[in-house]
Amino acid sequence: MTPRRSLPHTIKLASIAWAGAVAAGVIESVLAVTRILGEGAMEPGDWLGLGIRVAVYAAAAALITGLVRGSRTARLALTGLLSVAGLASLVVPAALEIVGGSSVAAALGSDGGLLGTVFVTVRVIHVVLVIVATVAMYTPTANAYFRRPDSSSRPSRLPAAAGS
1428 MTPRRSLPHT IKLASIAWAG AVAAGVIESV LAVTRILGEG AMEPGDWLGL GIRVAVYAAA
1488 AALITGLVRG SRTARLALTG LLSVAGLASL VVPAALEIVG GSSVAAALGS DGGLLGTVFV
1548 TVRVIHVVLV IVATVAMYTP TANAYFRRPD SSSRPSRLPA AAGS
């Protein structure tokens, strides 16, 4: 049985920040559905978007678990899927709206009401948590946690020499 490596504080921070980002995404989804239902009924595209978000949240939860367990694949997947693609999906459309003349609040999803203000607040928290999680995953202590054990600690695959 191999001894269990201790979890670095930076990986604890990353996992908590990722979990917070997922929670923020869930809250954003609830607020978006609330807004849509306040305006009428959900359309097929709304349901599709909601289904995609649920799948992303489930995958993120599995990847966060993998991260804590030391999976380099989970760390890379979180980086590529959520830090890069996910963050881009949150930031790029808003940036384009701002360049197009929208206010920052409107670009982030505010309709000027209380629901919109809460949505923008949660969105900003979401983005900050993704950035914190990503940085924490790549600190020197985190990198050491994901490094393979050096070859001297691995058993040799070569047969023992005669007379050994």
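In our numbering, the protein residues as written are 1428 to 1591.
For each residue, glycine too, the CB sits at the ideal point set by N, CA and C.
Given the structure is predicted, the values throughout are model-derived calculations rather than measurements.
Could you give the DSSP three-state label for residue i: helix, strand or coil?
i: Y1565; result: coil
i: S1529; result: coil
i: E1470; result: coil
i: L1535; result: coil
Less than 7 Å between C-beta atoms, sequence neighbours within five positions excluded: which residues of the same chain meet that for residue i?
i: L1542; result: L1458, T1461 and R1462
i: P1435; result: T1568, A1569 and Y1572
i: F1546; result: E1455, L1458, G1536 and S1537
i: V1495; result: L1434, I1438 and S1442
Would you give the residue range spanned by the alpha helix (DSSP H) that residue i belongs to?
i: P1520; result: L1514 to V1526
i: R1496; result: Element bounds for R1496: n/a, residue is neither H nor E.
Could you name the residues of the same chain whose beta carbon sits closer than 6 Å to that of residue i, not counting the 5 residues immediately before and after it, in chain order?
i: L1514; result: V1557
i: G1472; result: none
i: M1564; result: A1441 and R1502
Can you give the beta carbon distance from residue i to residue j, rounded, assuming they're within the 8 Å contact cut?
i: A1521; j: A1534; result: 4 Å
i: V1531; j: I1525; result: 6 Å
i: V1554; j: A1444; result: The Cβ separation is near 11 Å, so there is no contact.
- Task: Could you tell me whether the stretch 1505-1519 touches the stretch 1475-1493, using the rule of 3 or more Cβ pairs below 8 Å?
- Result: yes
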